[in-house]
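Undergrad: Before anything else, here's the structure in question.
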Amino acid sequence: MRISEVVSSLLRVEETFSAHLARINAVVLKPLLQIGSLENVKFFFLLNDHFQAIWHLTEENYRTLKETYSTSESVCVPDVYLVCDADSFLNAYVQYFFTFGTCVVLQNFEQASRSKSDVWKLQKPALCEFLADFSPDSCLAIGLYTVLQKPFRDHLQRYASVLAKLKTATGQGLEKKTVSDASEKFAKLRSYVSRIMDEAGFTVALWKSVGTKFTDVLCTPERRLLEDSESLPIFTSSGRTDRILLFNDALVLIQGNNFQSFDLKLLWVEATSSETGNHTLNIVTPEENFFLLAKGPEARAVWQWKIRRAVVQALADKRDVFVWGDEGKTFSPPLCRFATFTFRAEGRFKSATYEGDWCLGKPHGKGKLTWPNGQNFAGDFKKGLENGFGICLIPQGSSDHYDCYKCHWREGQMNGYGICEYGNEMVYKGYFKDNMREGFGLLVSPLNTDHPFKYTGHWTKDKRTGYGVWDDKERGERYIGMWENDQRHGPGIVVMQSGVCFQRTFHLDKMVGSGVLILEDDSIYEGNFTNDFKFVGKGKLTFPNGFVLEETFANKSREGLQVPGVRSHSGDPQAVTKSAIQLGQEDFPVEKRWEDLYDQFLAFVHAGGQADAEESFMGFHVQTSRELRKSQENLFCNGGTAEASEKTDFLEELIKHQEPEALLSYLQQALGSSLHPLGKLLKTLVLVFQSTYSGIGANKHLLRMAQEEVKHYAKKIWEFYQSLLQLAFKVKSFNSPQNTEKRDVEGSSVILPLILPYFYPDLLMLYMVTHEKQDEVYCQGITNLSRFSDTTLLEYLDVQKDFWPLKDLTLTSNQRQSLVKDHCFLSATECLQKLIATMDPQEKLDIIQQTYEEIEETINQLLGKECNLPMDDLLPLLTYVVTRASIQHLGAEIHLIRDLMDPTNGGKHDFLLTALESCYQLIQEIRLP
């Protein structure tokens, strides 16, 4: 048979079927849609929509075939709409028959046949006459059932016959394959339609056989019975179940008048051999696991196959779309799935609804828990428990306030870093262990509370314990020291906004023993004193002018003392420096202050530097906390996968940058990055430093404590860099470099200049308040000397006249040399002024050396020869430049350079810094009449 003949027969088939559909539409469907009182009439409307779709495709197929015949003598396979767009036909028939099956299950045809509608009565004679052509049975319901499905099934048979003929008539090649594929699909469609009709028949028979109690609860429009233990015996291992029903969406166990229903999306089945028998199926669900026992291997295999197929269909969430060619196919539902479930059993999750990923009956992956009272959790789960990052909201009483926990979790408890925003507006940022604050953390209360505070320090079992800093914002004081069980306990320093500070031992929040009290006027008392700073018992009081008073005090304050002769002592400008006391260094060894903080980074290294462990140990970087994790919805939907994919493999980068120049550049970038572990460490250290030494803590008696802390930071950062580097060699399977001892010694000097800019503002402030009085005297000297002209100042400072650079001065007609100011040694002056523009002590030393070189260059040009200036000649010249540079806090700058410079950097730098110090001292000692 030729293709044209096959297509011609298809044209006649479609023409006949289209006419038949028109008659069904007029005589059957339209009257059915007009029965307004019919229950579930919406499914007749849905059936009509699918009917119209099939009718439209039939008409379209007929039209294209007719147009082809009218314009061409030959017909090709691509001209056959049924073949080239077979999927549209398949989907239309699938939708139609599934909806038809729903009408069968809901017994809509029986209900329609009993309708009392006037419209139905008028159409009934014509309807009965039409139905008689299809069904010899006089039952109207059966007639409706027959006329709305038999013509379609018969037409599918005709399609199959036509496609078989077309396949035979088509030659080899792409066209034959296209026809073969379409033929195979229609064959599978007919098999699927038969299954739909069988399942609908089984289901309606079930609903008719069981009582209304079960029907009312279990019967839903799309539910189909797939297997029944009464047809294929199987029972539970407990033996308490009367009947087991497998539906396309649930497994139901019936016992007497009760039943249990298990959602197939959350059901896992495995064949197993156990003590319960050799023909056992293990069923896993979120809240109950049980065994099904079959009488033989065949029955078990059928049940297992049908359950797995039903699970796959349920997970697809499209019950009206069949799995092509699933007969005989071995189904393997995925272990991990996405589903929603409400917990009913006793436990932490009772009454909570979980939406998210599952694995073997337990929440596993990303998900969200919601309780009826408003509590909810969104985040990571592992084997049924919160594990990983998660955000938890817990309502506080009947108010609209919530405690919000943005934390890392392990085995259902908060463990690792977290940010908690409490309903009372307090905020905690730090580490947790077993749901309690543990390790380093910062707790801040809002300013609008009765007693606003801020605590930065260590915690043990939810209590402040260990080294910590407490800001009492109401009283304007800061406590730096040891804690135990939420109370000050052990050595501590108290710094007050008024300038008073003291060091004392505390026991259960009360001062005990003697201590050191430093008053506003820098008087220093060593002994016992009360909370209101009254001296008690034997003690020593040192006055700012150096006078020392030792006696036994009787509850007296500094103002109440009458000390003969004290006021008559002449003031000594260096007395304050001589008597100054630095607090905290002995009681708080620098290596013991932030041990818990360093432990978190060591744990990260020991964990192998894995990305999933980084934030748990080291906290969230700015981008994560502010953007990616700003809401539960973002966390639930995105899961932070984009962030993980953007992370740089810093271990590999460590190995790449080993040469000195590359290393310095790499360290600078790493320390400045909130994504890099070293950058996170530095960021946290800046936080604790500011909490301790900024604001109220900017007290000159804490300078040495702060200075050694910054140096220790550099040492620890270098140690962690070395640890990460060794980890990188291990993970990347590289050999570790040899002879690292020298690098270890030089490490701190490499790191210190890189981190100093982060601490510089607060550190410089400490130096400024420490040397405030000396700088005031120095500034007064600068003010006095700045009134001099260049020649007068050079003469006053005893600069040799041969060194006066006056020859090249350009004067106007009304100027005289004796009146010119700020023109001599201008290049050296401008160079020295750059001292305050950098934060690196080494760069400051370089600027001092450049200043010296500018002075020397000026002298060499003046004398016309090179010469090395001795100290006697250099000091007056340098004093002139210092005077003209007018650096306000030069004393603070000099001491900062001296304290933080590389100790190995001596020689000329040390000599020039000493010369600058001499100039500073000289200017302080100048007394003009």
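Here the sequence shown stands for residues 93 to 1021, numbered as in the working numbering.
By construction, the Cβ of each residue, glycine as well, lies at the ideal position given by its N, Cα and C atoms.
Contact between the stretch 880-897 and the stretch 854-865: three or more CB pairs below 8 Å?
TA: Contact between the stretch 880-897 and the stretch 854-865 is absent, because fewer than three Cβ pairs lie under 8 Å.
Undergrad: Taking the continuous alpha helix (DSSP H) assigned at Met588, which residues delimit it?
TA: The residue you call residue 588 lines up with position 496 of the sequence shown. It is not in any alpha helix (DSSP H) - Met588 instead sits in the beta strand (DSSP E) that spans Gln579 to Met588.
Undergrad: Kindly indicate which residue of Glu706, Leu763 and Leu819 has the alpha-carbon position closest to the one of Glu744.
TA: Your numbering for residue 744 matches position 652 in the sequence shown. Nearest C-alpha to Glu744: Leu819.
Undergrad: If distances are taken between C-alpha atoms only, which option among Leu149, Asp492 and Ile116 comes closest to Leu223?
TA: In the sequence shown, residue 223 corresponds to position 131, counting from 1. The option with the nearest alpha carbon to Leu223 is Ile116.
Undergrad: So, are the CB atoms of Thr333 and Leu345 less than 7 Å apart?
TA: The residue you call residue 333 lines up with position 241 of the sequence shown. The residue you call residue 345 lines up with position 253 of the sequence shown. Taking 7 Å as the Cβ cut-off, Thr333 and Leu345 qualify as a contacting pair.
Undergrad: Mind checking Lys722: buried by the 16 CB within 10 Å criterion, or exposed?
TA: Locating residue 722 in the sequence shown gives position 630, counting from the first residue. Reliability fails at Lys722, whose pLDDT of 48 lies under 50, so the model's placement of it is uncertain and no value is given.
Undergrad: Taking contact to mean 3 or more Cβ pairs, one atom from each stretch, closer than 8 Å, check whether the stretch 565-573 and the stretch 537-548 are in contact.
TA: Counting Cβ pairs under 8 Å, three or more are found: they touch.
Undergrad: Measuring alpha carbon to alpha carbon, tell me which of Ala699, Thr377 and Thr943 ends up nearest His1001.
TA: Here the question's residue 1001 lines up with position 909 in the sequence shown. It is Thr943 whose Cα lies nearest to the Cα of His1001.
Undergrad: Whose CA, out of Leu477, Ser443, Asp624 and Phe135, lies closest to the CA of Lys458?
TA: In the sequence shown, residue 458 corresponds to position 366, counting from 1. Minimum Cα distance to Lys458 is reached at Leu477.
Undergrad: According to the neighbour-count rule (16 or more other Cβ atoms, all chains shown, within 10 Å of its Cβ), is Asp492 buried or exposed?
TA: In the sequence shown, the residue the question calls residue 492 occupies position 400. With fewer than 16 other Cβ atoms within 10 Å, it is exposed.
Undergrad: How is Gln467 classed by DSSP in three states: helix, strand or coil?
TA: By one-based count along the sequence shown, residue 467 stands at place 375. It is coil, neither helix nor strand.
Undergrad: Consult DSSP for His749 and reduce its assignment to one of helix, strand or coil.
TA: Residue numbering aside, residue 749 sits at position 657 when the sequence shown is read from its first letter. Reduced to three states, the DSSP call for His749 is coil.
Undergrad: My guess is that Ile747 and Lys824 are in contact by the Cβ rule of under 8 Å, so how many angstroms apart are they, rounded?
TA: Against the sequence shown, residue 747 aligns to sequence position 655. Against the sequence shown, residue 824 aligns to sequence position 732. Contact flag correct, Cβ pair sits at about 6 Å.
Undergrad: Hey, out of Gly331, Leu125 and Lys398, whose CA is closest to Leu338's CA?
TA: Within the sequence shown, numbered from 1, the residue matching residue 338 stands at position 246. Closest option to Leu338, Cα to Cα, is Lys398.
Undergrad: How many Å lie between Gly453 and Glu379 at the Cα?
TA: To locate residue 453, count along the sequence shown from 1; it is residue 361. To locate residue 379, count along the sequence shown from 1; it is residue 287. Roughly 8 Å between the two C-alpha positions.
Undergrad: Please list the terminal residues of the continuous alpha helix (DSSP H) segment that includes Pro769.
TA: What you label residue 769 is simply residue 677 of the sequence shown in a count that begins at 1. Looking at the DSSP string, the run of the alpha helix (DSSP H) that includes Pro769 is Pro769 to Tyr785.
Undergrad: Keeping to the same chain, check which residues put their C-beta closer than 7 Å to that of Phe109; ignore five residues upstream and five downstream.
TA: One-based indexing of the sequence shown puts residue 109 at position 17. Counting only Cβ-Cβ distances below 7 Å, and skipping sequence neighbours, we find Thr150 and His247.
Undergrad: For a test of the three-state rule: what should DSSP assign to Met857, helix, strand or coil?
TA: Residue mapping note: residue 857 aligns to position 765 of the sequence shown, counting from 1. Helix at Met857.
Undergrad: Suppose contacts are defined by Cβ-Cβ distances below 7 Å. Is Ile788 in contact with Leu675 by that definition?
TA: Along the sequence shown, read from residue 1 onward, the residue named residue 788 stands at position 696. Along the sequence shown, read from residue 1 onward, the residue named residue 675 stands at position 583. No, Cβ-Cβ distance for Ile788 and Leu675 is not below 7 Å.
Undergrad: Shortest alpha-carbon distance to Tyr463 belongs to which of Met860, Lys808, Phe441 and Ala402?
TA: On the sequence shown, residue 463 is found 371 positions in, with the first residue counted as 1. It is Trp, not Tyr, that sits at residue 463 in the sequence shown. For the residues Met860, Lys808, Phe441 and Ala402, the minimum Cα distance to Trp463 belongs to Phe441.
Undergrad: Evaluate Ala408 with the Cβ neighbour count: other Cβ atoms within 10 Å of its Cβ, from every protein chain shown; 16 or more gives buried, anything less gives exposed.
TA: As a working mapping, residue 408 is identified with position 316 in the sequence shown. Exposed is the call here.
Undergrad: Exposed or buried, which one is Phe826 when buried takes at least 16 other CB atoms within 10 Å?
TA: Against the sequence shown, residue 826 aligns to sequence position 734. Exposed: under 16 other Cβ atoms inside 10 Å.
Undergrad: Could you spell out where the alpha helix (DSSP H) holding Tyr690 opens and where it closes?
TA: As a working mapping, residue 690 is identified with position 598 in the sequence shown. Its alpha helix (DSSP H) spans residues Glu687 to His698.
Undergrad: Who are the near neighbours of Phe895 in its chain, counting only those whose CB is closer than 6 Å to its CB and skipping five residues on each side?
TA: Walking along the sequence shown from the start, residue 895 turns up at place 803. Closer than 6 Å at the Cβ level, and outside the excluded window around Phe895, lie Ile951.
Undergrad: Alpha carbon to alpha carbon, what distance is there between Phe625 and Ala977?
TA: Taking the first residue of the sequence shown as 1, we reach residue 977 at position 885. Taking the first residue of the sequence shown as 1, we reach residue 625 at position 533. Looking at the two C-alpha atoms, the distance is approximately 44 Å.
Undergrad: Where DSSP assigns a beta bridge to Leu641, which residues make up the other side?
TA: Looking up residue 641 in the sequence shown gives position 549. Looking at the DSSP assignment, Leu641 forms a beta bridge with Leu633.
Undergrad: Once the 5 residues before and after Gly193 are set aside, which same chain residues still bring their CB inside 6 Å of it?
TA: Translated into the one-based positions of the sequence shown, residue 193 becomes position 101. Closer than 6 Å at Cβ, skipping near neighbours: Ile288 and Ala292.
Undergrad: DSSP three-state call for Thr1006: helix, strand or coil?
TA: In the sequence shown, the residue the question calls residue 1006 occupies position 914. In the structure shown, Thr1006 sits in a helix (DSSP, three-state: H, G or I).
Undergrad: Taking 8 Å as the threshold, find out whether the stretch 930-944 comes into contact with the stretch 1004-1017 through three or more Cβ pairs.
TA: Flag = yes, the stretch 930-944 and the stretch 1004-1017 touch.
Undergrad: Across which residues does DSSP place Arg335 in a beta bridge pair?
TA: Here the question's residue 335 lines up with position 243 in the sequence shown. Bridge partners of Arg335: Ile346.
Undergrad: Do the stretch 345-359 and the stretch 303-317 meet, that is, are 3 or more Cβ pairs less than 8 Å apart?
TA: Output reads yes: the stretch 303-317 touches the stretch 345-359.
Undergrad: I'd like to know whether the C-beta atoms of Ser323 and Leu385 end up nearer to each other than 7 Å.
TA: To locate residue 323, count along the sequence shown from 1; it is residue 231. To locate residue 385, count along the sequence shown from 1; it is residue 293. It is not a contact, given that the beta carbons lie outside the stated cut-off.
Undergrad: If you scan the stretch 283-337 from start to end, which runs of the beta strand (DSSP E) of 3 or more residues do you find wholly inside it?
TA: Fully enclosed beta strand (DSSP E) runs of 3 or longer: 317-320 and 326-328.
Undergrad: In chain order, what residues of the same chain have a beta carbon less than 8 Å from the beta carbon of Ser815, not counting five sequence neighbours either side?
TA: By 1-based counting over the sequence shown, the position of residue 815 is 723. If we look at Ser815 and ignore the five residues flanking it on each side, its Cβ neighbours are Leu694 and Val697.
Undergrad: Grab me the residues of Pro487's own chain with a C-beta within less than 7 Å of its C-beta, minus the 5 sequence neighbours each way, in chain order.
TA: Against the sequence shown, residue 487 aligns to sequence position 395. Excluding residues within five positions, the ones whose Cβ falls inside 7 Å are Asn465, Gly466, Gln467 and Tyr494.
Undergrad: What separation, rounded to the nearest whole angstrom, lies between the Cα atoms of Leu636 and Ser786?
TA: Mapped onto the sequence shown, residue 636 falls at position 544. Mapped onto the sequence shown, residue 786 falls at position 694. Sequence inspection shows Pro at residue 636; the Leu mentioned does not correspond to that position. Whole-angstrom Cα-Cα distance: 25 Å.
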